[in-house]
Amino acid sequence: MPCVRMIDAMSNNLLPKDLAEAFTVPDAIAHGVSRSRLRHRDLTAPFYGTRARGDIDDLPSRLRLLLDALPAHAFIAGPTAALAWALPLPLPVERMAREVVCIGVPARQNRIRRPGVRGRALQLDPEDVTLRHGLRVTTPERTWVDLSEELSLPRLVAVTDRLLREYVTRHDLDRAHERAGRRKPGRLRRERALGLGDARSESPKESELRVIFHEAHLPRPDLNVDITDRGRFVARVDMLFREARLVVEYQGDYHRDPEQWRRDEMRRAELESLGYRVTYVTAADLLDPEQLVSRIRRLLALA
42 MPCVRMIDAM
52 SNNLLPKDLA
62 EAFTVPDAIA
72 HGVSRSRLRH
82 RDLTAPFYGT
92 RARGDIDDLP
102 SRLRLLLDAL
112 PAHAFIAGPT
122 AALAWALPLP
132 LPVERMAREV
142 VCIGVPARQN
152 RIRRPGVRGR
162 ALQLDPEDVT
172 LRHGLRVTTP
182 ERTWVDLSEE
192 LSLPRLVAVT
202 DRLLREYVTR
212 HDLDRAHERA
222 GRRKPGRLRR
232 ERALGLGDAR
242 SESPKESELR
252 VIFHEAHLPR
262 PDLNVDITDR
272 GRFVARVDML
282 FREARLVVEY
292 QGDYHRDPEQ
302 WRRDEMRRAE
312 LESLGYRVTY
322 VTAADLLDPE
332 QLVSRIRRLL
342 ALA
């Protein structure tokens with residue numbers, strides 16, 4: 042084994058110094074590297090037609106390498122484009138988007154077919170593709186259109202909220218929706234997400250919770266409201282049913298930290314001393330929306 046490692050190290054040194062850590066096969070050949078050397082086991086093949094001197098863990102580097110090996114008209118699309126824009130995705134969709142990269146091409150071109158790639162031929166305009174950190178990727182609004190085919194309404198609303206808060210206007214999304222046309226799948230879901238989207242929402246779970254309340258025909262709560270007492274800041278609450286003075290807070294896993302729990306309880310006590318009622322919602326509640334809605338209805342009725 043030590044002998045093999047020594048041979049590997051010596052072979053690795055034979056690669057041209059000006060060759061990047063990760064490179065395409067044509068680039069290596071242009072640098073004078075033989076095909077037999079490219080088959081050596083000290084090199085990995087992240088994608089067909091590419092090689093690397095080791096594992097490539099970070100997604101931007103993998104995407105950059107893949108695009109270097111593809112035709113110039115190829116671009117990052119779908120859920121993988123959502124990752125490039127840091128949009129919230131369900132965990133299973135996020136994992137798949139990392140493991141099997143979604144690559145698009147214009148409709149008139151042959152879609153990309155190779156291991157580790159999900160190829161799509163998309164009907165789009167040139168303005169639907171832009172550069173993000175040097176990578177060719179669908180624009181935020183076009184990515185939203187494509188995601189509407191795959192995500193549920195609550196998840197799409199979470200994406201819509203993030204886009205409205207950080208990247209685009211409602212007019213941008215409406216225009217992208219209309220340009221996609223009536224034959225593009227997800228049209229009804231996009232229309233509903235546009236109606237529910239709210240830039241004030243600050244987390245995907247808040248967005249999902251808001252959709253559950255809307256579907257149950259509950260009053261629409263105010264989002265991320267600052268509560269004060271005679272000019273003194275008390276708390277910023279996730280949701281407030283103002284007339285009922287009911288505060289709804291989503292509690293993620295980080296609230297399990299003992300110090301965070303103590304701060305939460307002090308905050309709750311302060312709010313209750315001012316006449317507000319506070320109820321917490323967790324991921325378990327989202328798995329049983331009917332029971333959650335019944336609880337909120339009862340609390341609203343108490344007002």
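Sequential numbering of the sequence shown, starting at 42, is according to the working numbering.
Idealized CB from N, CA, C, for every residue including glycine.
Unbroken beta strand (DSSP E) run spanning residue i, endpoints
| i | result |
| --- | --- |
| E290 | L287 to Y291 |
| T65 | A63 to T65 |
| I144 | V142 to P147 |
| L172 | V170 to R173 |
| A276 | R273 to F282 |
Alpha carbon of residue i to alpha carbon of residue j, nearest angstrom
| i | j | result |
| --- | --- | --- |
| R318 | R223 | 45 Å |
| S77 | V66 | 11 Å |
| R155 | L192 | 25 Å |
| Q150 | A162 | 7 Å |
| T91 | W126 | 25 Å |
| L124 | V170 | 15 Å |
| I268 | G316 | 11 Å |
| L327 | P226 | 27 Å |
| E135 | L172 | 21 Å |
| D49 | R159 | Note that D49 scores 45 on pLDDT, short of 50, meaning its location in the model is unreliable and no value can be drawn from it. |
| A310 | E290 | 14 Å |
| A110 | D68 | 9 Å |
| S102 | V200 | 24 Å |
| R261 | A325 | 22 Å |
| A240 | P57 | 50 Å |
| R196 | L132 | 11 Å |
| L60 | R220 | 43 Å |
| A63 | R297 | 41 Å |
Short Cβ contact (8 Å threshold) for residue i with residue j
| i | j | result |
| --- | --- | --- |
| L104 | L176 | yes |
| P359 | V209 | Residue 359 lies beyond the range of the chain shown here (42 to 344); nothing can be said about it. |
| A122 | T179 | yes |
| R216 | L194 | no |
| L27 | L188 | A question about residue 27 goes unanswered here, because the residues of the chain that appear run from 42 up to 344. |
| A118 | I97 | no |
Extent of the continuous alpha helix (DSSP H) to which residue i belongs
| i | result |
| --- | --- |
| F254 | P245 to E256 |
| A123 | G119 to A125 |
| A162 | Per DSSP, A162 belongs to no alpha helix (DSSP H); it is in the beta strand (DSSP E), V158 to L163. |
| L333 | P330 to A342 |
| D202 | L194 to E207 |
| V184 | The amino acid at residue 184 is misidentified as Val; the sequence shows Thr. It spans P181 to L188 - the alpha helix (DSSP H) in which T184 sits, taken as one unbroken run. |
| L235 | R228 to L237 |
| R304 | P299 to S314 |
Rounded distance between the beta-carbons of residue j and residue i, thought under 8 Å
| i | j | result |
| --- | --- | --- |
| L84 | A93 | 7 Å |
| L106 | R139 | Rounded, the Cβ-Cβ distance is 14 Å, inconsistent with contact. |
Would you call the region 69–83 in contact with the region 99–117, where contact means no fewer than 3 C-beta pairs closer than 8 Å? Touching, no, given that fewer than three Cβ pairs across the two stretches are closer than 8 Å.
Do three or more CB pairs link the region 280–293 to the region 332–343 at distances below 8 Å? With the rule of 3 Cβ pairs closer than 8 Å, the region 280–293 counts as touching the region 332–343.
Check whether the region 246–266 touches the region 323–336, counting contact only when three or more Cβ pairs, one atom from each stretch, lie closer than 8 Å. Yes, since at least three Cβ pairs between the region 246–266 and the region 323–336 fall closer than 8 Å, the two stretches touch.
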